[in-house]
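Note sheet for the following structure.
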Amino acid sequence: MSRQTTSSDSKTHPLFRVQGLSKWFSSTGEGSFLSNLFSQGDHLKAVDDVDFTIGRGEIVGLAGQSGCGKSTLGELLVGLQEPTDGQITFDGNDVNSFDSAEMNAFRRKAQVIFQDPYEAMNPRFPVARTVSEPLKIHGIGDRESRIERTRETLEEVGLSPAEKYLDKLPGELSGGERQRVCIARAIILDPDFLIADEPVSMLDVSVRTGILHLFERLQAERDLSILYISHDLSTINYLADRTMIMYLGKIVESGVTDRVIHEPSHPYTEALLESVPDPDPMATRSRGQLEGQVPSPTDIPSGCRFHPRCAYADETCSAVEPDLEEKGEGQREVACHYPLEAN
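Laid out in structure tokens, this is it:
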């Protein structure tokens, strides 16, 4: 992508501003699921004191291994979960203080596209009802105008001619077609912001490129802000202006995508990139390969939470937790005592 926004742009004119955001799940509570997994009094720190911004018209990638808190963070942004601590502001307004009417208005502006298009649709609803349902819920238009808007939106996401799809049930659609229907449902309210949570991970490789092109076009035509959540750094590299790397509930690196992907500053980012399969059997690996298992989010290591798996760690890393600090003239933030350019 040729379009790039800078980190300073997103901080000066953000659509979302997140400060000190945390989501801890308590294991206390008689008979709770977590109490059967963890000892009483423990907390699962899914998101832990996170700060970031998302600019208007900006695509931000959020990457990390499964269980790092990516999806929970996305759900917090759109009010699907309540934070334990911290503040989320959208267009300058505190999301956590919204009353029911304000939250309904906010949800028209912030929509979610989920990972599994097979589970995200009611199997008994035809496409026309699935896509137009948000209009009905928010009391927009009459039946005839809703169907016309549904036709236009289906055409916009590449399901053409729309008439061919209106009466189809989910079982009659391919995976790629289902995901396009889910995207149509998300954009029919003309939102300002989308969360795309692993939107291509369950699709055939041959279909993924088309969906990525669709996100790129929708962003350009609608000036959408998008949080694109994925474990696949190659799709983030293609689509995102900025990228945030998450590990055990923390943002450990953030910056312009090209620099984060091609010149990683945090050892965990380097390790994620090294874990991508290389077709060359003679290719050499750096020191940044991931070793060991991810620690339990109920028993976070002291100091830097990545230090037990880091090839560069020393006593300072195990004792002192690093702050996310700005480096490189505002183009990058990294939480590491010994960023890679210093090694």
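Each residue of the sequence shown is one higher than the one before, counting from 1 in full-length UniProt numbering. No residue lacks a Cβ here, since even glycine has one placed at the ideal position from N, Cα and C.
Put Y247 into one of helix, strand or coil per three-state DSSP. Here residue 247 refers to the residue found at position 247 of the sequence shown. It is a strand residue.
Extent of the continuous alpha helix (DSSP H) run through S225: Counting from 1 along the sequence shown, the entry for residue 225 is found at position 225. Counting along the chain, S225 falls outside any alpha helix (DSSP H), though it belongs to the beta strand (DSSP E) covering S225 to I229.
Buried/exposed call for A162, threshold 16 Cβ in 10 Å: Position 162 of the sequence shown, counted from the start, is the residue given in the question as residue 162. So A162 counts as buried.
Once DSSP output is grouped into helix, strand and coil, what is the label at L173? Numbered from its first residue, the sequence shown carries residue 173 at position 173. Coil, per DSSP.
Span of the alpha helix (DSSP H) around F215: Locating residue 215 in the sequence shown gives position 215, counting from the first residue. If you look at F215, you'll find it in the alpha helix (DSSP H) that goes V205 to R222.
M282 (DSSP reduced to helix, strand or coil): As a first step, residue 282 is located in the sequence shown; it is residue number 282 there, counting from the start. The predicted position of M282 is uncertain, since its pLDDT is 46 and thus under 50; no value can be drawn from it.
Consider the Cβ of E341: report whether some Cβ of chain D lies at a distance smaller than 8 Å. The displayed structure is made up of one protein chain only, and chain D is not part of it.
Taking Y312 and C68 to be in contact with their CB atoms under 8 Å, please state how far apart those CB atoms are, rounded to whole angstroms. Your numbering for residue 312 matches position 312 in the sequence shown. Your numbering for residue 68 matches position 68 in the sequence shown. With a Cβ gap of about 20 Å, Y312 and C68 do not count as contacting.
DSSP beta-bridge partners for L189? The residue you call residue 189 lines up with position 189 of the sequence shown. L189 has no beta-bridge partner at all, per DSSP.
Looking at C-beta atoms only, is the number of pairs between the segment 162 to 180 and the segment 109 to 123 that lie closer than 8 Å three or more? Contact holds between the segment 162 to 180 and the segment 109 to 123, because three or more Cβ pairs, one in each stretch, are under 8 Å apart.
Cutting at 6 Å between CB atoms, please list the residues of its own chain near C310, excluding the five before and the five after it. Taking the first residue of the sequence shown as 1, we reach residue 310 at position 310. Scanning its chain for C-beta atoms nearer than 6 Å, with the 5 sequence neighbours on each side dropped, one finds around C310 the residues P267, in chain order.
Q293 burial status per 10 Å Cβ neighbour count (16 or more: buried): The residue labelled residue 293 in the question sits at position 293 within the sequence shown. Per the 10 Å Cβ criterion, exposed.
Beta-carbon separation of V95 and L73 under 8 Å? Here residue 95 refers to the residue found at position 95 when the sequence shown is read from its first residue. Here residue 73 refers to the residue found at position 73 when the sequence shown is read from its first residue. No. Outside cutoff.
Excluding the 5 residues flanking C304 on each side, which residues of the same chain have their C-beta closer than 8 Å to its C-beta? By one-based count along the sequence shown, residue 304 stands at place 304. Answer for C304: C310, A313, C317, S318, V320, E321, P322, A335, C336 and H337, listed in chain order.
Please state whether DSSP places S254 in a helix, a strand or coil. Locating residue 254 in the sequence shown gives position 254, counting from the first residue. Three-state DSSP puts S254 in a strand.
For G61: DSSP bridge partner residues: Along the sequence shown, read from residue 1 onward, the residue named residue 61 stands at position 61. G61 is bridged to Y228 and T243.
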